[in-house]
Amino acid sequence: MLDKTGIAKRIAKEIKDGYYVNLGIGIPTLVANYIPETMDVVLQSENGLLGMGPFPFEGEEDPDVINAGKQTITMLPGSAIFDSAMSFGMIRAKKVNLTILGAMEVSENGDIANWKIPGKMVKGMGGAMDLVASAENIIVAMQHVNKAGESKLLPHCTLPLTGVHCVKKIVTELGVFDVLPEGGFKLLERAPGVSVEDIKNATAGKLIVEGEIPEIVI
Amino acid sequence: MSNQLLNMNKVVSGADEAIRDIQDGMTLMLGGFGLCGLPENCITALVKQGRKELTCISNNAGVDDFGIGLMLKQRQVKKMISSYVGENAEFERQLLSGELEVELLPQGTLATRCMAAGYGMPAIFTPAGVGTEVAEGKETRNFNGKDYLMEMAFDADFAIVKAWKGDTMGNLVYRSTARNFNPVMAMAGKITIAEVEELVEPGELDPDHIHTPGIYVHRIFQGKDYEKRIEQRTVRVKE
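Written out as structure tokens, the structure reads:
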């Protein structure tokens, strides 16, 4: 089984040299730590920055330089600043190559729910609906089952949707899955120590297993 | 016509004068993302002025003791139009008790509805929210095989923004990610108020570097005592 770091490391392998990438809050943020130093990858923060760098050293925090999670960050040489309309303009126009975000549920036809639980305080969707509606390449990083032990890979989402037919790939602590255009979670890789049977038992939606499933290498 | 543009002076004495004619029930846009790039002086003045039943369009709702949270505490806000409203206990209390109305919109939709107002366009089409509850009651159009929602330009009585530098003609320059919603909101108000950290004379800002042309700005003043609070202080340790 993978821990959060393992999930982040596996997703980092999906990033290609020259990519512009938007990372959501949570596990996706960790992905930045595992992008190989040999690669030029530009991180987009939807509050209006391309070229996000690491956290500042203590004492060097600048309240005018934050990311979309409102954390103090730094800007790398070559960074660019822009307003919120342009930020979502470049997202809508598909200039951002890869979007990585968390989810509460994903359905076998690629629907995603990650912003609202009925009966609980709703904080809002932030930029998630814009990102999932426009990005061509969306990877979801999440736990395979929820705290109650129920599968988060479902035939249909039960929570209010964030977007429809948009998720292309999912990485959980159990494995890596493609969401097929015709519907279904295709198992690509399984986590170390996890059997195909374990994954079947934890997946409520349609699972497609073809041939020998290799172990994740990170 | 003079060949020196020195008399088009939009300077007011401060926040109190800038917001003097805001009335109960009006719709205000407030720039900022989280606590970054907030018009702090005007928010303080709005709390002092005490107008009620306001509709506030702002990406977030501040925290309990800073930003729009201060206006919520005084029960000045009837409705918030935002994309994300976490981190505010008083907000949650008013929402759950029904005292406060909230319209949540995708962040890009929020920004682009401001932009549309500033560009004189009645509406925009966006894929954000298609197939979700955000789409309820909205017109959907199909372009090239993909569905889009029609979202209307905002109509705000006042836009209140914060810039880094500005000149007396209202030209504005923002700093780093404190830019965020400020430029698009500055373009979108019937009356736009800009508070700046440094007010300069015409000619001191390079025309090539201006983010918001002064034509969009009606009132400007140099703010004071900026707190610039940090919401999530994250640092790394020097090795």
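Note that the protein sequences, when read in sequence, are chains A and B.
Per this note's numbering, residue 1 is the first one in the first sequence, and the count goes up by one each step.
Per this note's numbering, residue 1001 is the first one in the second sequence, and the count goes up by one each step.
Don't be surprised by glycine CBs; every beta carbon is placed ideally from N, CA and C.
Remember, predicted model here, so these are calculated numbers, not experimental data.
- Below the 7 Å Cβ cutoff, chain A contributes no neighbours of residue 1066(B), its closest Cβ being approximately 12 Å away.
- Of all residues in the stretch 1121-1143 of chain B, only 1126, 1127, 1128, 1129, 1130, 1131, 1132, 1133 and 1134 place a beta-carbon less than 9 Å from a beta-carbon of chain A.
- With a cutoff of 9 Å on beta-carbon distance, residue 1056(B) and residue 1193(B) are scored as not near each other.
- Not one beta carbon of chain B lies nearer than 9 Å to the beta carbon of residue 136(A).
- Taking 9 Å as the cut-off between beta carbons, the residues of the stretch 1050-1080 of chain B near chain A are 1059 and 1060, in sequence order.
- By the CB criterion at 9 Å, residue 1184(B) and residue 1118(B) fall inside the cutoff.
- In the structure shown, residue 1224(B) falls within a coil segment according to DSSP collapsed to helix, strand and coil.
- Residue 1141(B) sits in a strand when the DSSP states are folded into three classes.
- In the structure shown, residue 28(A) falls within a helical segment according to DSSP collapsed to helix, strand and coil.
- Taking a 10 Å sphere around the C-beta of residue 1176(B), we find 16 or more other C-beta atoms and assign the residue as buried.
- Residue environment analysis places residue 1037(B) among the buried positions, since at least 16 neighbouring C-beta atoms fall within 10 angstroms of its C-beta.
- One alpha carbon belongs to residue 53(A), the other to residue 77(A), and they sit about 9 Å apart.
- Under the 8 Å Cβ criterion, the stretch 1046-1056 of chain B does not count as touching the stretch 1198-1218 of chain B, having fewer than three qualifying pairs.
- The residue from 1082(B), 1151(B) and 1221(B) with its alpha-carbon nearest to that of residue 1169(B) is 1221(B).
- None of the residues of the stretch 13-40 of chain A has a beta carbon lying less than 7 Å from any beta carbon of chain B.
- Along the stretch 160-184 of chain A, going in chain order, the ones with a CB nearer than 9 Å to a CB of chain B are 160, 161, 162, 163, 164 and 165.
- Any Cβ of chain A closer than 9 Å to the Cβ of residue 1110(B) would place that residue at the interface, and such an atom is present.
- Listed as beta-bridge partners of residue 1057(B) by DSSP are 1029(B) and 1081(B).
- In the DSSP assignment, residue 1036(B) forms a beta bridge with 1033(B).
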